[in-house]
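Protein chains in written order, with our numbering: chain G, 44 to 303; chain S, 49 to 211.
First the structure, in the form of structure tokens, and then the observations on it.
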Amino acid sequence: MVPQHAADETGSALDLLLAAPLLVALLLYWLAVVVGRRPWPRSRTVLWSAGVLACLVATVGPLAERSGTSFPAHAVAHVLLGMLGPLLLVLAAPVTLALRTLPTPTARGLVRLLLSAPVRFLVHPVVTGVLNVGGLWLLYTSGLYARAHGEPWLHGLVHVHVLLSGYLFTAAVIGVDPNRHRRSLGYRATVLVLFMAAHSVLAKYLYAHPPAGVPAAQAELGSMIMYYAADLVDLVVVVVLCHRWYAASRPRTALVEQPA
Amino acid sequence: MSTARTSTAAGQQSSSATRNIVSGLLFGVGIAAFVDETVFHQLLHWHHFYDKSTPAAGLVSDGLFHAFGWFAVVAGLFLFADLRRRHGLWVRRWLGGLFIGLGAFQLYDGTVQHKLMRLHQIRYDVDLLAYDLTWNLAAVAFLVVGVVLLGQTQSRLHRDPAA
């Protein structure tokens, strides 16, 4: 793929800069699994690796390159980086792994950080939902989307925001890592439904109101990809959330009810 | 369900009488939303994804029901599984909830969303009256079936509260 202008070259250099932390995160997780004395579920390592891969595909390589000029390709990258990637990463319980691998004083420091007021604010389900879907409304309905393709640093910032807000929202709703301030199930379910609604309204809105610089046909296809792909990822999130309830509300008498 | 007829199981049935309705209702609403999405939007292409003349209120209402539909179908099924593992499933009551959920969503979709909010129509470039009548009468029929089923279980609850 031949770069169209100088911004593209800076852009791909920046993409590599974005990919580096992802690779570091992958290696650190693997390292923690290997050096840990107690066994770590293999499924979680697979989830983390797949999550990093989903984010990498959205950040570097052919799909990321095409998403600069094609809105449908952008839509696929968007779902990978903001929804599927974060879902897989959250289910891999990285904080739990870090807490049991780090030396005790460092782990205590991490706990203090996670319990601090700013972090508690950032991981509140409503705050994460607003950051997530609010950021997307801003990106697509203001001129931000068009500007981000001309200015690599802004493009990078949008990537970081999409990934982090996706992660924080998913963690707030179905996180498996320790969270002393986790909201009730009903609360999280309500926030999730409202988020899904806002998300699907945005996709339909984009169908009729393409972001600046996006041709109508591309906007129609791209918004439908966003709509249906987001539905699939959200379906998994709903199943995980409901399964938590199902497992937690297991009747205590079940073991004695059915003698062999 | 081998123990369904024992007295303890029957007692659990009545204690979970509400849960049976809630589970059925959620699943009914979810299935109605799902059928609307797959059959009428995807397969028949009668409905439009978005016909671009929808006012904001209609779009928001559609988004909320779409999201709630997904959630409801999954939550309804998990509640169903929970009733089963507690031997508390009461099929007639569950079906009553299901039909009321189906009918209520379809009636809301056919009156408020299609007509009042003009979200989209059932089909385009045809005389709508027959479609609208079929759509809404089917919804009312579902509701009637649901109410009758629930009425039957209700009378059993009153006749024999321990059952």
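Ideal placement from N, C-alpha and C gives every residue a C-beta, glycine not left out.
Give the straight-line distance between the Cα atoms of residue 258 (chain G) and residue 249 (chain G), rounded to the nearest whole angstrom. 11 Å
Reducing DSSP to helix, strand and coil, say where residue 138 (chain S) ends up. coil
Extent of the continuous alpha helix (DSSP H) to which residue 119 (chain S) belongs: 104-133
Could you name the residues of the same chain whose beta carbon sits closer than 6 Å to that of residue 75 (chain G), not counting the 5 residues immediately before and after it, in chain order? 140, 144
Find the nearest neighbour of residue 150 (chain S) within the set S:161, S:84, S:119, judged by alpha-carbon distance. S:84
Do residue 187 (chain G) and residue 176 (chain G) have their C-beta atoms closer together than 9 Å? no
Residue 56 (chain G) versus residue 295 (chain G): straight-line alpha-carbon distance, rounded: 57 Å
With distances taken from CA atoms, which of S:159, S:124, S:199, S:140 is nearest residue 176 (chain S)? S:159
Helix or strand or just coil, what does DSSP make of residue 194 (chain S)? helix
Buried or exposed: residue 281 (chain G), going by 16 or more other Cβ atoms within 10 Å of its Cβ? By the neighbour-count criterion, in which 16 or more other beta carbons inside 10 Å mark a residue as buried, residue 281 (chain G) falls on the buried side.
Euclidean distance between Cα positions of residue 71 (chain G) and residue 247 (chain G): So the alpha carbons of these two residues sit roughly 40 Å apart.
Residue 210 (chain G): contacting residues in chain S (beta-carbon distance under 8 Å): Here the premise fails: no neighbours, minimum Cβ distance about 21 Å.
Please compile the residues from chain S whose C-beta is within a distance smaller than 9 Å of the C-beta of residue 294 (chain G). 130, 133, 134
Are three or more beta carbon pairs between the segment 116-132 of chain G and the segment 92-101 of chain G nearer than 8 Å? Flag = yes, the segment 116-132 of chain G and the segment 92-101 of chain G touch.
Short Cβ contact (9 Å threshold) for residue 215 (chain G) with residue 172 (chain G): Yes, Cβ-Cβ distance for residue 215 (chain G) and residue 172 (chain G) is below 9 Å.
Does the Cβ-Cβ distance between residue 161 (chain S) and residue 109 (chain S) come in under 9 Å? yes
Do you know offhand how far residue 59 (chain G)'s Cα is from residue 283 (chain G)'s? If I take the Cα positions, the gap works out to 33 Å.
Mind listing the chain S neighbours of residue 28 (chain G)? Cutoff is C-beta to C-beta under 8 Å, in chain order. Lying outside 44 to 303, the shown extent of chain G, residue 28 (chain G) is not represented and no answer is given.
Whole-angstrom distance between residue 271 (chain G) and residue 178 (chain S), CA atom to CA atom: 31 Å
Along chain G, which residues have their Cβ under 7 Å away from the Cβ of residue 112 (chain S)? 240
Which bits of chain G does residue 123 (chain S) rub up against, with CB to CB less than 8 Å? 232, 281, 285
Hey, is residue 179 (chain G)'s beta-carbon within less than 9 Å of any beta-carbon in chain S? Using beta-carbon distances, residue 179 (chain G) does not count as an interface residue toward chain S, since no partner is under 9 Å.
Is the shortest distance between the beta-carbon of residue 53 (chain S) and the beta-carbons of chain G less than 9 Å? Note that residue 53 (chain S) scores a pLDDT of 44, beneath 50, so its modelled location is shaky; the value from the coordinates is reported in the next line. No, residue 53 (chain S) does not count as interfacial toward chain G.
On the CB-based measure, 16 or more other CB atoms within 10 Å of its CB, does residue 147 (chain G) come out buried or exposed? With fewer than 16 Cβ atoms within 10 Å of its Cβ, residue 147 (chain G) is classed as exposed.
List, in chain order, every chain G residue whose beta-carbon is nearer than 7 Å to that of residue 115 (chain S). 236, 239, 240, 243
Between which two residues does the alpha helix (DSSP H) holding residue 159 (chain S) run? Note, residue 159 (chain S): premise wrong, no alpha helix (DSSP H); not H, not E.
Determine the chain G residues that contact residue 142 (chain S) at a beta-carbon separation under 8 Å, and present them in chain order. The contacting residues do not exist; residue 142 (chain S) stays about 17 Å from chain G at best.
Could you pull the start and end residues of the alpha helix (DSSP H) that residue 239 (chain G) belongs to? 228-251
Quick check on DSSP: helix, strand or coil for residue 58 (chain G)? helix
Looking at the C-beta of residue 118 (chain S), does it have a partner C-beta in chain G at a distance below 9 Å? yes
For the segment 195-226 of chain G, which residues have a CB atom closer than 7 Å to at least one CB atom of chain S, in sequence order? none
Any chance you could list the alpha helix (DSSP H) runs of at least 4 consecutive residues sitting entirely within the segment 85-158 of chain G, in chain order? 85-102, 105-109, 114-122, 128-134, 137-144, 147-158
In or out: residue 211 (chain S) buried (at least 16 other Cβ within 10 Å) or exposed? The pLDDT assigned to residue 211 (chain S) is 47, lower than 50, so where the model puts this residue is not dependable; a value taken from the coordinates is nonetheless given after this. Residue 211 (chain S) is exposed by the Cβ-count criterion.
For residue 115 (chain S), which of G:226, G:150, G:243 has the nearest alpha-carbon? G:243
With 16 as the cutoff for other CB atoms within 10 Å, does residue 196 (chain G) come out buried or exposed? exposed
To which residues of the same chain is residue 208 (chain G) closer than 8 Å at the C-beta, ignoring the five residues directly before and after it? If we look at residue 208 (chain G) and ignore the five residues flanking it on each side, its Cβ neighbours are 125, 171, 174, 175, 178.
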